[in-house]
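Residue numbers (the numbering used here), protein chains in the order written: chain X, 1 to 903; chain R, 1001 to 1113.
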């Protein structure tokens, strides 16, 4: 007890001097003691001078006693730390350029690492902001581990069997809200009535929906909607009166009943939900097909909670036992036996849903981990650089350290002082880096946004990110501070007395190995950046089989124009004629789907034919109007385009691409061949191939172009013309930028029917969404590679300049003995060249090994691409030569007489 | 000079506590002088050495201190016993007496001899 009390008093004293008002009480007390003693002595008849001397004599070793008192009053380590920090501040303030350089490079390394880690953290690790998130489990396909999407019947079967605790089902969707004349897209979640209760979430305004709201056509309050906090702020300015108002979603009025808490963004990480709707009211939207009634439309995520004592494995086993019965009871009406079998076979399993689900994970995890490695390497380079700088400073300050150890400073004390200084540098770097990381993380996430979606990641710092930053701070300080600190602690007091020391051989060896490490690391980073940039370029310049830059897409929504389904086709034809006659338009066509465009609409069809090499399953089908190929600049290789005569009443015709021909008609001329189109359920329809077109990408820019078939928009498209949206593709003439055509085209469409609403995007915009990952990887890796090169440049320059200064005497002697200036410069450059060579060799080996891991991220490029490696070698060699050039020049200009006179 | 003694480790605290009990609140200089006087000049004491001891006693809660004014109008820090200090003094005095009695049995000539 007493010891604790003593310790606490001391701690208070140790920390107290941080306050400016505190004074040194011991000094005061001793002063008063001496005064009292002197008074007594004078009264006893001494002279004042004698009195003082006698008092001091009697007092004993004054400073030692003061020190003893101070040591007792405080805690020595903290005291020493305080001194070290103050001393560090003074020395770093004197070497401001050095400190700035060190802090900047550390900030870059620590900040970059923190930024990428924060993104990974929010994408992969952060638990959902709901009650007891760690109890949440999700139903997944055992094969892939991804969320198994269920159709409505399976969900009902699972729920009625009461297999799970607090089960709920949800699905994401893209809907639209109308405000005035403008329609804007919103992120929606359909969820069953127990959704909010299962998550344990309450509304901050109004209420959340309940099972009584989750009935077809709406509950007691009619069709209801719960809105997110972000949407509430954006749309209603956070007005509480928003609750009770009506929101028109996809043309159907929904009544707003509540707002969710600000931290809730939905269950899908990377997406921020705007509205939440009861599952059963999906039918109100009258979509074709309704997701409810379509048995083979899997769209629901199923989630539940683990009961206390229940395990994931136990739950999975139970589900698997119940699965055959559920599967059999919910079998969709598949015609093909293999589809039925596949349906029965797919096994379910459970995974923890504590951190939600995300489609971004699969797409970006490997890229983010690659970036994490890249920024860690940059941080490592920064550490090597700062260690080098520290060492050079240590050597420059060696007489100071020698003097201090001569005055009795222990090695541990010098070591501590040095490490404190390093820690101060890395802390400054970390603070700057932290702010850099907040900015960088937001920029990187912003890079991932496309016309279709803006990824939303909660990047607010949590304990994990802050811990990571703190750990990095300490780690970097240890990495770059330890070696120079040990060198300083080993200072020989004799140096101080001799005035100058001998060269510290070990320090130079460290500088040289640092140089090799820098060459190797920056080479690896450069190769990485080179591979990603070239892969992005290859992807961006891949021939997609159509013009990227000349086409504008207008998505036409005819819902408000009162036309029957049968009349729509005629309306589209009128619109096409009007658009085609707009000045600056070269050609116009319409289709349900555009290449790589609105991702929702894809059709596949089974094809068979007597002369076909094999039966085709699931060939991509695009129903298009005449002149579609001309509009996109896709070349017609043989045969003819569709014409106005290819109507629904005429014989069915199709155009296929070259990939189709290669696969199914490798030996026969496909023109005029007859094929049979089936959808697996009804008997087939014969169709004649009338043309072959160039391969054109339709669903992916990375994959090889699959066999694709085009049909006239008018044929076999009974279901299609029920769709409210159609895409008009408009080819701009000559030099006209396609996005300039929007106004004129919109005016032309408005003249036909004012109720048609239309939205424009260029094909370039659609395409950019497909390059997001590659573009981000290329951009970020290039940025950090350039940073690494700068760091390497600074490092090489520093080491070379330092070694030139150290070898001044030797160089002077060489010159005095007749060495030419050229010879001296070559001497320095040769030295650096050797180190660069060794570093490059190590870098090549390291890159060869590491490149294998990024193979999946590359497009059309071997990870060991020789030209990328060659360019990187060239770049590093150039940087080394440039950085070493100036010190070599100095060396060559050495004036031997002045150096040798200095002794 | 052989008569003069160094202060034994640990005994200084007891001397300070006793001094404070007999004299009441006193400053460091006064305590040091008093200890020297009490020893009848047989104790060599650097006055300074009382300060670390005072600090330790204060941290342990046996004494407390307060700045005040001396009889000849000098600023000085006065120490006084706390109740915990009194208890400590009684305990240590008792322990000390037992120890000296015990030691005396070994080192003093037996009266019966």
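For glycine and all other residues, C-beta sits at the position ideal for the given N, C-alpha and C.
Residue burial classification, residue i (beta-carbon count within 10 angstroms, cutoff 16)
i: residue 577 of chain X; result: exposed
i: residue 1012 of chain R; result: buried
i: residue 213 of chain X; result: buried
i: residue 822 of chain X; result: exposed
i: residue 87 of chain X; result: exposed
i: residue 100 of chain X; result: exposed
i: residue 248 of chain X; result: exposed
i: residue 1037 of chain R; result: exposed
i: residue 89 of chain X; result: exposed
i: residue 10 of chain X; result: buried
i: residue 1107 of chain R; result: exposed
i: residue 328 of chain X; result: exposed
i: residue 187 of chain X; result: buried
i: residue 726 of chain X; result: buried
i: residue 338 of chain X; result: exposed
i: residue 627 of chain X; result: buried
i: residue 273 of chain X; result: buried
i: residue 459 of chain X; result: buried
i: residue 778 of chain X; result: buried
i: residue 614 of chain X; result: exposed
Proximal residues to residue i (C-beta, below 7 Å), its chain only, five neighbours per side dropped
i: residue 558 of chain X; result: 568, 571, 724, 756
i: residue 499 of chain X; result: Note that residue 499 of chain X scores a pLDDT of 48, beneath 50, so its modelled location is shaky and nothing firm can be said.
i: residue 514 of chain X; result: 384, 387, 388, 795, 799
i: residue 884 of chain X; result: 796, 800, 828, 829, 832
i: residue 1014 of chain R; result: 1092, 1096
i: residue 426 of chain X; result: 106, 473, 476, 477
Cut-off 6 Å between Cβ atoms - residues of its own chain near residue i, not counting five sequence neighbours on either side
i: residue 210 of chain X; result: 193
i: residue 49 of chain X; result: none
Chain-order list of residues whose beta-carbon lies under 8 Å from that of residue i (same chain, five-residue window excluded)
i: residue 685 of chain X; result: 652, 676, 677, 678, 716
i: residue 303 of chain X; result: 136, 137, 138, 139, 167, 168, 169, 170, 198, 267, 353
i: residue 1086 of chain R; result: 1021
i: residue 103 of chain X; result: 425, 428, 429, 432
i: residue 605 of chain X; result: 618, 619, 621, 677, 678, 679, 709
i: residue 701 of chain X; result: 539, 542, 544, 596, 767, 770, 771
Residues that residue i contacts on chain R, provided the C-beta gap is smaller than 7 Å
i: residue 68 of chain X; result: 1052
i: residue 941 of chain X; result: The first residue shown for chain X is 1 and the last is 903, placing residue 941 of chain X beyond what the model contains.
i: residue 59 of chain X; result: 1046, 1047, 1048
i: residue 810 of chain X; result: Those within 7 Å of residue 810 of chain X in chain R number zero; the least Cβ separation is about 56 Å.
Residues that residue i contacts on chain R, provided the C-beta gap is smaller than 9 Å
i: residue 72 of chain X; result: 1052, 1055, 1056, 1059
i: residue 65 of chain X; result: 1046, 1048, 1049, 1051, 1052
i: residue 62 of chain X; result: 1048
Any non-hydrogen atom of the ligand ZN closer than 7 Å to residue i Cβ
i: residue 1107 of chain R; result: Within the structure as shown, the ligand ZN is missing, as the structure has no ligands at all.
Proximal residues, the stretch 31-47 of chain X versus chain R, C-beta separation under 7 Å | For the stretch 31-47 of chain X, which is checked against every Cβ of chain R, the residues closer than 7 Å are 32, 33, 35, 36, 37, 39.
Mind listing which residues of the stretch 1067-1084 of chain R have their C-beta closer than 9 Å to chain X's C-betas, in chain order?
-> Hits within the stretch, in order: 1067, 1070, 1072, 1074, 1075, 1076, 1077.
Name, going along the chain, the residues of the stretch 1034-1066 of chain R whose beta-carbon falls closer than 7 Å to a beta-carbon of chain X.
-> Per Cβ criterion, the list reads 1046, 1047, 1048, 1049, 1051, 1052, 1055, 1056, 1059, 1060, 1061.
Which residues, taken in chain order from the stretch 1017-1033 of chain R, show a beta carbon closer than 9 Å to some beta carbon of chain X?
-> Flagged, chain order: 1027, 1028, 1029, 1030, 1032, 1033.
For the stretch 772-826 of chain X, list the beta strand (DSSP E) runs that are entirely contained and at least 3 residues long, ordered along the chain.
-> If we require 3 residues or more, the stretch 772-826 of chain X turns out to have no beta strand (DSSP E) run fully inside it.
Secondary structure, beta strand (DSSP E): runs of 3+ residues fully inside the stretch 842-902 of chain X = As for any beta strand (DSSP E) of minimum length 3 sitting wholly inside the stretch 842-902 of chain X, there is none.
Anything in the stretch 109-129 of chain X with a Cβ closer than 7 Å to a Cβ of chain R? List those residues in chain order, please.
-> Cβ contacts with chain R: none found.
Would you list, in sequence order, the uninterrupted beta strand (DSSP E) runs of no fewer than 3 residues that lie entirely inside the stretch 621-682 of chain X?
-> Counting only unbroken stretches of 3 or more residues, the beta strand (DSSP E) elements lying wholly within the stretch 621-682 of chain X are 636-639, 653-657, 674-678, in sequence order.
If you measure beta-carbon to beta-carbon, which residues of the stretch 252-284 of chain X are closer than 8 Å to chain R?
-> None of the residues of the stretch 252-284 of chain X has a beta carbon lying less than 8 Å from any beta carbon of chain R.
Which runs of the beta strand (DSSP E) spanning at least 3 residues fall entirely within the stretch 1022-1104 of chain R, listed in chain order?
-> 1063-1069, 1075-1081, all fully within the stretch 1022-1104 of chain R.
Along the chain, which unbroken stretches of the alpha helix (DSSP H) at least 4 residues long are found entirely within the stretch 182-215 of chain X?
-> If you keep only unbroken alpha helix (DSSP H) runs of at least 4 residues inside the stretch 182-215 of chain X, you get 195-199.
Can you list, in chain order, the stretches of the beta strand (DSSP E) that have 3 or more residues and sit fully within the stretch 260-321 of chain X?
-> Runs of the beta strand (DSSP E) inside the stretch 260-321 of chain X: 275-278, 301-305.
At which residue ranges does the stretch 106-161 of chain X contain complete beta strand (DSSP E) runs of 3 or more residues, listed in the order of the chain?
-> Segments of the beta strand (DSSP E) lying fully in the stretch 106-161 of chain X: 136-141.
Taking a Cβ distance cut-off of 7 Å, strictly less, list which residues of the stretch 383-404 of chain X are near chain R, in chain order.
-> Answer in chain order: no residues at all.
Hey, which unbroken runs of the beta strand (DSSP E) at 3 residues or more fall wholly within the stretch 330-391 of chain X?
-> Annotation note: the stretch 330-391 of chain X contains the following uninterrupted beta strand (DSSP E) runs of length 3 or greater, listed N- to C-terminal: 348-352.
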